[in-house]
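Residue numbers (the working numbering): 444 to 939. Ideal Cβ positions, reconstructed from N, Cα and C, are used throughout, including at glycine. None of these values were measured; they are calculated from a predicted model. Single-structure report; data block below.
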Amino acid sequence: MADATSIKSKSADVESNVSIDPDLARKVLRKIDWRLLPIMFITYNFNFIDKTILSSASVFGLKADTVCRLSSFCGAITNEKGHQHLVGQQYSWVSSVFYFGYLGWAYPTTYLIQRLPVGKYVSVNTIIWGTLVALTAACKNFGGLVTVRFLLGVAEATITPAFVYITSMWYTRDEIPVKTGAWFAGNSFGGLVASLAAYGIGRIEEPLSPWQWLFIIFGLATGLWGVVILFILPDSIESCGFLNEEEKKCAQDRVVLAGTGKASKETSQWKRDQVFECFLDPKTWFFFAISICTQIPNSGTQNFGNLVLTGFGFTNLETTLVGIPSSVIAFLTILISGWVAGRVRDISTFLIIPIVACPVVGSALIYSDVSNGVKLFGYYLLATGPGALPLSMSLMSANYKGVTKKMTMTALLFIAYCTGNIAGPQFFKSSESPHYQTAFRTIMICYALVVVEALGLRFYLIWVNRRREILEGDAMNRELDEDVTDLKTVGMRYRL
Numbered sequence: 444m445a446d447a448t449s450i451k452s453k454s455a456d457v458e459s460n461v462s463i464d465p466d467l468a469r470k471v472l473r474k475i476d477w478r479l480l481p482i483m484f485i486t487y488n489f490n491f492i493d494k495t496i497l498s499s500a501s502v503f504g505l506k507a508d509t510v511c512r513l514s515s516f517c518g519a520i521t522n523e524k525g526h527q528h529l530v531g532q533q534y535s536w537v538s539s540v541f542y543f544g545y546l547g548w549a550y551p552t553t554y555l556i557q558r559l560p561v562g563k564y565v566s567v568n569t570i571i572w573g574t575l576v577a578l579t580a581a582c583k584n585f586g587g588l589v590t591v592r593f594l595l596g597v598a599e600a601t602i603t604p605a606f607v608y609i610t611s612m613w614y615t616r617d618e619i620p621v622k623t624g625a626w627f628a629g630n631s632f633g634g635l636v637a638s639l640a641a642y643g644i645g646r647i648e649e650p651l652s653p654w655q656w657l658f659i660i661f662g663l664a665t666g667l668w669g670v671v672i673l674f675i676l677p678d679s680i681e682s683c684g685f686l687n688e689e690e691k692k693c694a695q696d697r698v699v700l701a702g703t704g705k706a707s708k709e710t711s712q713w714k715r716d717q718v719f720e721c722f723l724d725p726k727t728w729f730f731f732a733i734s735i736c737t738q739i740p741n742s743g744t745q746n747f748g749n750l751v752l753t754g755f756g757f758t759n760l761e762t763t764l765v766g767i768p769s770s771v772i773a774f775l776t777i778l779i780s781g782w783v784a785g786r787v788r789d790i791s792t793f794l795i796i797p798i799v800a801c802p803v804v805g806s807a808l809i810y811s812d813v814s815n816g817v818k819l820f821g822y823y824l825l826a827t828g829p830g831a832l833p834l835s836m837s838l839m840s841a842n843y844k845g846v847t848k849k850m851t852m853t854a855l856l857f858i859a860y861c862t863g864n865i866a867g868p869q870f871f872k873s874s875e876s877p878h879y880q881t882a883f884r885t886i887m888i889c890y891a892l893v894v895v896e897a898l899g900l901r902f903y904l905i906w907v908n909r910r911r912e913i914l915e916g917d918a919m920n921r922e923l924d925e926d927v928t929d930l931k932t933v934g935m936r937y938r939l
């Protein structure tokens, strides 16, 4: 067995004399990876599928089969039965209302994640959201769609904050970008699965419409996966069944040495002073702004993607196949950027810039008066944009210390996430279909702002780190496993 190794500031950014066996640590890390990452990847796969199938459903009869009886609100047109089709901005509201539910539950769920067994909590929410997805097939009118989509947003609001919490609980600061990218890539892979499935399901016309089969099949699959999670996703390091006692201690030491604080019942008490500190921390608002500006484009293209592609001259079935390269590009962007961020220190803010620069060019091409082939190329350039969010999340997770402060920041991040996703579809005006000039002009502006925000965050963190090099001293005596925030840990250096 190899000699015990002391992990110092190179890995934790906080001086420590705590020692762990490197061979044991590698063994434990492999076990953690094989247990947690597949679960989170598959869950995030379903999480994204449930969002993207609305776009597929929109070209497979959803808008024609559902009706709006509130003509003054819907601005709808009357079909042969005297009912109004879902047209105009009401489809945008069906897209947006999901994030109202998400927004309303974002902060309460971060509190519950910290207080409840996180594995079981994720399982229950997954079962509920799968049930709601399946029930969407029974919706016959605007009111039913809005209600189910709102409740679906509430159910899904738990998943991403829970995974951010789990990642920071099990992994070190150096590992967080790679691991976050690994499970977040399930997002884009889900888009690929949804596109392929939609192409096959889109041919089914009896006894239900294709859009109904989409919701039923993926809803039932999600619910069944939620049952599986109940038995395989651990609640904490202390209670997990796939590590022995020696391995659990090693896993816990890794968390302590990560410089992000010990995640256990002893340190997971809700602390009001950490909430206030989070709100007063300038970097909080950089992360908040980045999240809003990346998500305004995200929701719009996510829900209107197939409608945009039909405007390029493709049929309803063809749009499901033409959209596949976008999912592949997004998948590779997230994986590669996460891998690079994990291998090269202090590069995350720089990586965000080219990731969002591509959509700036892409939206400009779609907005301009060029051929449909060039516009399709621009549409594919939009696919790199989703890669900015996991980089931002992993950077946030690595730069916040103190359990309550970290969960408060997670809640704020997803409040911004919801705000952007609520606003996004509203820029896709039905009067501008199929070109949506306002939407793509907005996408250009938002991603350009992200470049400024990422650079601003980087320069601020550099300034704080240099200031800490001067002030470093007293805080070095603190125990690493105390639930102390990053602002009070002078020896901690922020990742860039």
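Who does residue i pair with in a DSSP beta bridge?
i: Asn741; result: DSSP, once it has assigned bridges, lists no residue as partnering Asn741.
i: Asn864; result: None, per the DSSP bridge assignment.
Please classify residue i: does DSSP put it in a helix, a strand, or coil?
i: Asn488; result: helix
i: Asn687; result: coil
i: Arg616; result: coil
i: Tyr879; result: coil
i: Ser811; result: coil
i: Phe871; result: coil
i: Gly756; result: coil
i: Phe503; result: coil
i: Cys736; result: helix
i: Cys582; result: coil
i: Ser679; result: coil
i: Ile475; result: helix
i: Gly845; result: coil
i: Thr552; result: helix
i: Ile496; result: helix
i: Asp789; result: coil
i: Gln527; result: Here Gln527 scores only 46 on pLDDT, less than 50, and its place in the model should not be relied on; the value that follows carries that caveat. Strand, per DSSP.
Measure the CB-CB distance between residue i and residue j and report whether it falls below 7 Å.
i: Pro620; j: Ser873; result: no
i: Asp678; j: Gly562; result: yes
i: Lys848; j: Glu720; result: yes
i: Leu578; j: Leu595; result: no
i: Gly863; j: Ile735; result: yes
i: Phe658; j: Ala580; result: yes
i: Gly573; j: Gly662; result: yes
i: Tyr539; j: Pro740; result: According to the sequence provided, residue 539 is Ser. The question's Tyr does not apply to it. Their beta carbons are not under 7 Å apart, which means Ser539 does not touch Pro740 by this criterion.
i: Ala807; j: Met887; result: yes
i: Thr737; j: Val893; result: yes
i: Ser501; j: Ala641; result: no
i: Ser770; j: Gly634; result: yes
i: Ala625; j: Leu480; result: yes
i: Met850; j: Thr610; result: no
i: Gln695; j: Ile680; result: yes
i: Gln533; j: Phe585; result: yes
i: Ala598; j: Ile571; result: yes
i: Gly669; j: Ser566; result: yes
i: Ala841; j: Arg616; result: yes
i: Tyr890; j: Pro797; result: no
i: Ala882; j: Phe871; result: yes
Between which two residues does the alpha helix (DSSP H) containing residue i stretch?
i: Ile779; result: Ile767 to Arg786
i: Val721; result: According to the sequence shown, residue 721 is Cys rather than Val. Note, Cys721: alpha helix (DSSP H), Arg715 to Leu723.
i: Leu635; result: Ile619 to Ile644
i: Pro833; result: Ala831 to Asn842
i: Pro650; result: Per DSSP, Pro650 belongs to no alpha helix (DSSP H) and is neither H nor E.
i: Arg592; result: Phe585 to Glu599
i: Gly828; result: Segment: none, Gly828 is in no alpha helix (DSSP H) and carries neither H nor E.
i: Thr574; result: Val561 to Leu578
Looking at C-beta atoms only, is the number of pairs between the region 584 to 604 and the region 483 to 500 that lie closer than 8 Å three or more?
yes
Check whether the region 856 to 876 and the region 767 to 783 are in contact - that is, three or more C-beta pairs closer than 8 Å.
With the cut-off at 8 Å, the region 856 to 876 and the region 767 to 783 do not touch.
Just checking, does the region 738 to 747 make contact with the region 821 to 837 on the three C-beta pairs under 8 Å criterion?
Contact holds: three or more Cβ-Cβ distances are below 8 Å.
Taking 8 Å as the cut-off, does the region 757 to 766 touch the region 827 to 843 (at least 3 CB pairs, one atom from each stretch)?
no
Would you say the region 899 to 908 touches the region 723 to 731, given that touching needs at least three Cβ pairs under 8 Å?
yes
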